[in-house]
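Report on one structure; see the data block that follows.
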Amino acid sequence: MTAYLWVPFTLLAAGAQVLRNALQSGLVREIGTLGATQVRFVYGLPFAALFLLAHWAIAGEPLPGLSQAALAWNALGAVAQIGATALMLHVMARREFGVAYAYIKTEPVTAALLGLVLIGDRLAVLGWVAVLVVTIGVVLASLKPGHGTARLADGRSVVAGVASGALFGLSAIAFRAGIEAVPNGSFMMRSLAMLVLSLALQSGMLLSWFALRGAAPLRASMRHWRISLGAGSLGALASAGWFVAFSLTLAANVRTLGLIEMPIVALVTRRVSGKWLSPRESLGFALITGGVALLLWAHA
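Sequential numbering of the sequence shown, starting at 8, is according to the numbering used here.
Structural data, given as structure tokens:
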């Protein structure tokens, strides 16, 4: 059973992330991309600290030490994640909520390749097949329907979305490497400690930016404090799920399973935009679901 312990944490993270991104997408229209980006980190930090405090109190486990390698990997992941989030919100503001995800969720390929190159994470053959099947589904879901020849829609959104996915993939590898570099502690304690550290770094970077360039985005988020707190709490919950899952298995496995959120997003799309998915998008989502099933079968 412990071999599959990463699965429920990944599903928890994916579900919380869908809701968080929906709230952030709405905030973009009200307070801009930068203002909505910082909500995930600044408003998420207190909730992540509460998760760590709760585990410390319940488990009675001491806080872990931090090596230089853990700090360096964590800093790389923190910077990459800020850039990825900003690009993601930019794409989501330009495209329908569900279709925008298709561009961004090329991330598992990046995570698999970078994991192999940077930290030696090796996927099994069936794992690579699952990643490729899911990626084909992502590409199909990103094609604009109604043309004689299939082509990707809105080139600028494609570039920004794929760049966002690449940075998310890099951040996943960096965070996994950082957690592995923590010298002591259970997987839960190491994961939550690194989560709090990453959010503290990200919040510090963003608040420093606001101090230099003006705090209008931060003040705007305070005017929408209910939504900001909601997005922050969901973001902290999602990140906790991702970090714990990263401590248990390869980042590529986690991010591929996490794509099960895309069919969920499709249902959200129907409620938010009132638009039905095209047959091509539906086929893409079916391939994503099938690829995820193959990934789990590969671990059986």
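We treat Cβ as the ideally placed atom computed from N, Cα and C, and that holds for glycine.
Here the structure is a predicted model, which means the values were calculated and not measured.
Limits of the unbroken alpha helix (DSSP H) element including arginine 230: 223-230
Secondary structure at arginine 129, three-state DSSP: helix, strand or coil? coil
By Cβ distance below 7 Å, which residues in the same chain neighbour leucine 302 in space, the five residues on each side in sequence not counted? Gly134, Ala137, Asn260, Thr263 and Leu264
Over the uninterrupted alpha helix (DSSP H) stretch that includes glutamate 288, give me the two end residues. Counting along the chain, the alpha helix (DSSP H) containing glutamate 288 begins and ends at 286-305.
Write down the C-beta distance between threonine 92 and arginine 36 rounded to the nearest angstrom, noting that I regard them as a contact closer than 8 Å. Wrong, their Cβ atoms sit about 16 Å apart, outside the cutoff.
Closer than 8 Å to a non-hydrogen atom of the ligand SAH - does that hold for the CB of tyrosine 110? Absence of the ligand SAH is noted for the structure shown, with no ligands found whatsoever.
Counted within 10 angstroms of its Cβ, other Cβ atoms place tryptophan 249 as buried (16 or more) or exposed: buried
Just verifying my parser: in three-state terms, what is the DSSP assignment at glutamate 68? Correct three-state label for glutamate 68: coil.
Nearest-angstrom Cβ-Cβ length linking glycine 176 and tyrosine 110, presumed shorter than 8 Å: Not confirmed; about 13 Å, so no contact.
So, leucine 34 versus serine 228, is the Cβ gap smaller than 9 Å? yes
Looking only at its chain, what residues have a beta carbon closer than 7 Å to the beta carbon of glutamate 122, apart from the 5 residues adjacent to it on each side? Reading the sequence as shown, one finds glycine at residue 122 and not glutamate. Asp128, Ile180, Leu257, Ala258 and Ala259, listed in sequence order.
Classify arginine 197 as buried or exposed, calling it buried when 16 or more other Cβ atoms lie within 10 Å of its own Cβ. buried
Rounded C-beta distance between glycine 51 and leucine 214? I'm assuming under 8 Å. With a Cβ gap of about 13 Å, glycine 51 and leucine 214 do not count as contacting.
Tell me whether the beta-carbon of alanine 79 lies closer than 9 Å to the beta-carbon of glycine 185. Taking C-beta atoms as the reference points, alanine 79 and glycine 185 count as a pair closer than 9 Å.
C-alpha gap between tryptophan 283 and serine 32, whole angstroms: 20 Å
Rounded to whole angstroms, what is the Cα-Cα separation between leucine 70 and histidine 62? 10 Å
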